[in-house]
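If you read the sequences in order, they're chains A and B. Per my numbering, the first sequence starts with residue 1, numbered consecutively. Per my numbering, the second sequence starts with residue 1, numbered consecutively. Cβ atoms here follow ideal geometry from the backbone N, Cα and C, with glycine treated the same way. It should be emphasised that the depicted structure is a prediction, and the values quoted were computed from it without experimental measurement. Here's the structure we're looking at; comments come further down.
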Amino acid sequence: MPVHPIDFEIQAHIFSTPELEKLFDEKKRFERWLLFEATLAAVQGELGIIPREAAAEISSKARLECIDLHSVAAAYQQSRNSLLPVIKALRQACANGMGEYVHYGATTQDVLDTAHILEMKEVLQIIYRDLRSLEDKIMGLVRSHQFTPMVGRTHGQQALPITFGLKAAVWLSEIRRHIERLQAMPPRVLVGQLSGAVGTMAALGTQARQVAGETMHRLGLLFSPIARHTARDSAAEAACSFAMITATLEKIANEIFQLGKTEIAELAEPVPGKAMSSSTMPHKRNPVLCQRIAVLARHVRALSGLVVDGMVHEHERDARCLWSEWLAMPQISVYTGTALHYLVTVIDGLEVRKERMRHNLYLHKDMVVSEWLLFRLGATLGRMQAQEKLHDLISRARTENLNLREALARDEETSRLLTGSDLEYLDKPELYIGLAVEIVNETLQEIEQKRRQDPEVLSV
Amino acid sequence: MSACNAQASHIVDSRFFSGSYATEEARRIFCDLRRMQRWLDVEVALAGSQAELGIIPAAAAAALAETGRLERLAIDAIHADIVRTCHSLLPLLDAWQKTCTVEAGRFIHFGATTQDIQDTAQILEIKDVLALINRDLHSIANELVQLTDTYRDQVMIGRTHGQQALPTVFGLKTATWLDELLRNMQRLDECSGRTMVSQLFGGVGTMAAFGSNGIELLRLFSKKLGLADPLVAWHSTRDRTAELLSTMAILAGGLARIANEIYQLARDEICELEEPFYMGKVGSSTMPHKRNPELCEQVVVLARLIKANAMLGLDSLINEHERDYRAVRLEWVTITDSSLFLCAITGIMKNILGNLVVHGNTMLDNVEKSATLISTEALMFFIGDKIGKQKAHQLLYEVSMQAHDTNCSLLDLLLADKRIRAHFSAAQLKKAVEPAGHVGLAGELIDRVLAAGRKRLKTRTRKTDTASLCPLAGKDGTCIFHNRKGK
């Protein structure tokens, strides 16, 4: 009986993806814990800390199918510890009393934290893979629309001409920086934990550091001898990074949402075949995915705050901080991955209406190059005077319902100062796009070069 | 002291920008000199109450009332002592005591704890803030009543998911603004009823140092200050201030919703509303044609800041033991900032709504552009009367898709269809898709909200709408410290 919308089975995968759902499956968590215990035992067996046959027995039984999950479930009803029921079941599964050597010298949080980092490794790999895929798709968009003129907007108002390629190139550069941030994270984040109850490694014996280092190595993680039980900066870094990534996704999705408003209609997210948007208005075509992205991103932002709060640990362990993080991180990861998946879909099938972009650009075509006029008139009149002159002419044009070109021609001063070629931009605002084409070229080149050097898979 | 004496580093105090983040009258409430004077006033009220109950000599109380004036004290010494002692109140009291006789001075702050004085003074500040807010909300509600009434028949397009949906009237939109505002006014009233209480319970809330008459003292003290007396100490119970901060955030969010709607509907491509513009207001340093909705944007900025403070208000709820400095000191910032920001919002919104530009013709243009497409439901019933509903649905579906694919008008395509021509004239069809005919019960709904709004406007009580006068203002209204500075 799924209760949380992440887990819904009928209305499935609205707030998750199959891949991420599998990654955070409860049984998968137990498997990671068992893997930790098996690896630890194997290393301890080889170093002679526990009997070799114990290590072999633990390794062979540390599999979900050897564990009685019913009794584990029953034990959780009694237990106040997050791990013990599983450890107990593993001990019971081991023959000849070898179970005594399970979890030898480790503390609960060693197992849980390390398992979380294993999870995080897979999450980072997915996010990294999909971010690069998004980057690839946006590069396609940038290339296709390097010369597509549209109006740029500030304060919600039409400002100056730009190209759609330039707008998308800004998205591209932001995503590239996120990719670079992810690339820098493994040495800080993908670090396992095996330090014992209060971080002294007291129960792990004299070869403690060797045991821990080798265990982490085999698990595919880095190791640092200093405990991170109360140092939650790694989780906070991942959470904040995801908050930033999803904020970028939301920003792009919102841009598509805004530019898809009926009156603007420059962009539209793809709608699969017969998808219905409204139960009551048959003509509606709603940007549903873009809105879902926004919802997911807002949740990630809110939850990441809790993970940052969790950094304020007391003493050598603070369950209030820790459990808050445990509750938040799976959601943060699933929501981030899902939002990313949605945006890849949206960009992949994005409808770009070039005609409509031109139409909107021409709505006030002589106004949107007022910067050029200011620059041109400023050269002779001085900037302040030119600004005042243009302000007057523009408001005269507005009140008298003239176009600006006429107002400029009727004014004695400006008609004298402006030649025909000065006014070309007023007729063809798409020419006033500055260095947009060159900037886009350079951005594409830089990112193409970086992509060639990217590792395909993010790893430690 | 270095030669630089930066006195206006917070944006609310900026000589240049404070107007966008606070109003002058709101800043006066939180002036740091007035804050000190409020503390003195609360101490004087305490002494006066204690004298009435015979806890301290009447002569001492009279002397304290006379000497408890900030202008008589050495401000610089107080400042230096606060830095040296790390105590927020004692240096003020010490400076005061030095100006008193031994007999009077020994009864300063008699049995109270610092937080008694500061919490009570903070509530007095809030009381003044609420007076300003209530006054402004009354004006805003009045503007919204006017707008709703004026535009009750102004047809426009309604939008969902950012997409044009069905016709509505502008008056119905403003009615939802008004309706929300009325609830927020009610919230503020209720919150104020719970919040306007004094604090006077001593070190750990037992009233141990006030003697056996403590509860009577609390009653007298509260009455003198115009506050209610709480049942028990709230030093470490901050739900009142948390509720206030949350209520402010809800109110600010409601007003920011209006501002954002105006911002969105002011886009060049929509152009249905426009915030007040006057010649000389500059949108852009580089694009002379720009008319930016910056007032609306500022309201959203302030609402976000107030929302963030509400979160901190909730953090303050988690107090430890009988007193928790960490929670209370958060409020010194959150209450002050949220109050100043909210006063700025209400000031701006009064201006925006009082001078809102409504482009009724563009509203009509925008709705008519998509009139036929959005009237398929109405057409289906209209045509269905003659040819049967199922047939009408099929016919309209075919023609709608054709209109979509060919970019022809649905109405033209319908009129070209002989199944339609057999039953309907062009005029009949045109009338059937008239947007004004599809605004449902908008008029009735508007009337309900207008009635509620007008009722609320009648209940205004001016008494609670006025902030207290600054005790540091001289007879001519200027600050006595301002005059002193001149010497």
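| query | result |
| --- | --- |
| Contact between the stretch 161 to 175 of chain A and the stretch 434 to 450 of chain A: three or more CB pairs below 8 Å? | yes |
| Considering only residues of the stretch 253 to 280 of chain B, which uninterrupted beta strand (DSSP E) runs meet the minimum length of 3 residues and lie entirely inside it, listed in chain order? | none |
| Straight-line CA distance for Met1 of chain B to Arg84 of chain B? | Per-residue confidence for Met1 of chain B stands at a pLDDT of 49, beneath the threshold of 50, marking its modelled position as unreliable; no derived number is given. |
| Take Ser415 of chain A and list the residues in its own chain whose beta-carbon comes closer than 8 Å to its own, dropping the five residues that flank it on each side. | Leu408 and Ala409 |
| Quick check on the DSSP output: the beta strand (DSSP E) that includes Pro161 of chain A runs from which residue to which? | Gln157 to Thr163 |
| Interface residues of chain B around Arg285 of chain A at Cβ under 8 Å? | Gln163 |
| Would Asn441 of chain A pass as an interface residue toward chain B - the criterion being a Cβ-Cβ separation below 8 Å? | no |
| Leaving out five residues on either side along the sequence, give the residues of the same chain with a beta carbon under 6 Å from the beta carbon of Pro5 of chain A. | Phe15 |
| What does Glu371 of chain A touch in chain B if you count any residue whose Cβ is under 7 Å from its own? | Thr286 and Met287 |
| Once the 5 residues before and after Thr101 of chain B are set aside, which same chain residues still bring their CB inside 7 Å of it? | Ala63 |
| At 9 Å on the CB atoms, spell out the chain A contacts of Asp365 of chain B, in chain order. | Going along chain A, no residue has its Cβ under 9 Å from Asp365 of chain B, so there is no contact; the nearest lies around 10 Å. |
| Can you tell which of B:Ala310, B:Gly347, B:Ala233 and B:Ala308 has its C-alpha closest to the C-alpha of His321 of chain B? | B:Ala233 |
| State the beta-bridge partners of Phe24 of chain A as determined by DSSP. | Beta-bridge pairing links Phe24 of chain A to no other residue. |
| How about Asp119 of chain B and Gln199 of chain B: are their beta carbons less than 8 Å apart? | yes |
| Just to confirm the assignment: which complete alpha helix (DSSP H) runs, minimum length 4, are found wholly within the stretch 340 to 392 of chain B? | 360 to 369 and 376 to 387 |
| Comparing alpha-carbon positions, which option in A:Leu40, A:Glu325 and A:Ile394 lies nearest Ser234 of chain A? | A:Glu325 |
| What span of residues does the alpha helix (DSSP H) with Leu163 of chain B cover, start to end? | The question names Leu, yet the displayed sequence has Gln at residue 163 of chain B. Segment Gln163 to Val169 is the beta strand (DSSP E) holding Gln163 of chain B; no alpha helix (DSSP H) there. |
| Please report whether the beta-carbon of Ala256 of chain B lies at a distance below 8 Å from any beta-carbon of chain A. | no |
| Kindly list the residues whose CB is nearer than 7 Å to the CB of Thr230 of chain A, restricted to its own chain and excluding five residues on each side of it in sequence; keep chain order. | His313, Glu316, Arg317 and Asp318 |
| Going by alpha carbons, who is nearest to Gln157 of chain A out of A:Leu363, A:Leu444 and A:Gln385? | A:Leu363 |
| Thinking C-alpha only, which one of B:His10, B:Leu46 and B:Ser400 is nearest Phe210 of chain B? | B:Leu46 |
| Between the Cα of Leu514 of chain B and the Cα atoms of B:Asn142, B:Val129 and B:Gln402, which residue gives the shortest distance? | No statement about residue 514 of chain B is possible, as the shown extent of chain B runs from 1 to 487 and does not include it. |
| I'd like to check one pair, Arg405 of chain A with Leu377 of chain A: are the Cβ atoms closer than 8 Å? | no |
| Short of 8 Å in beta carbon distance, which residues of its chain neighbour Ala378 of chain B, apart from the five on each side in sequence? Order them along the chain. | Ala432, Val433, Gly437 and His438 |
| Rounded to whole angstroms, what's the CA-CA distance from His359 of chain A to Glu269 of chain A? Just pull it up for me. | 20 Å |
| At which residues does the beta strand (DSSP E) containing Met311 of chain A begin and terminate? | First-last for Met311 of chain A: undefined, no H or E at that position. |
| Just checking, does the stretch 308 to 318 of chain B make contact with the stretch 217 to 226 of chain B on the three C-beta pairs under 8 Å criterion? | no |
| Using three-state DSSP, classify Phe221 of chain B as helix, strand or coil. | helix |
| Thinking C-beta only, is Phe36 of chain A closer than 8 Å to Thr108 of chain A? | no |
| Which of the residues in the stretch 354 to 371 of chain A, read from start to end, lie with their CB under 8 Å from any CB of chain B? | Asn360, Leu363, His364, Met367, Val368, Ser370 and Glu371 |
| Along the stretch 251 to 271 of chain A, what residues have a CB closer than 8 Å to any CB found in chain B? | Phe257, Gln258, Gly260, Lys261, Thr262, Glu263 and Ile264 |
| Could you give the residue range of the alpha helix (DSSP H) that holds Val83 of chain B? | Ile75 to Thr85 |
| How far does the beta strand (DSSP E) with Gly158 of chain B in it reach, from first residue to last? | Val155 to Thr160 |
| Note the first and the last residue of the continuous alpha helix (DSSP H) segment covering Met244 of chain A. | Asp233 to Leu259 |
| Closest Cβ-Cβ distance between Tyr263 of chain B and chain A: below 8 Å? | yes |
| For Gln331 of chain A, would you say it is in contact with chain B, using Cβ-to-Cβ distances shorter than 8 Å as the test? | no |
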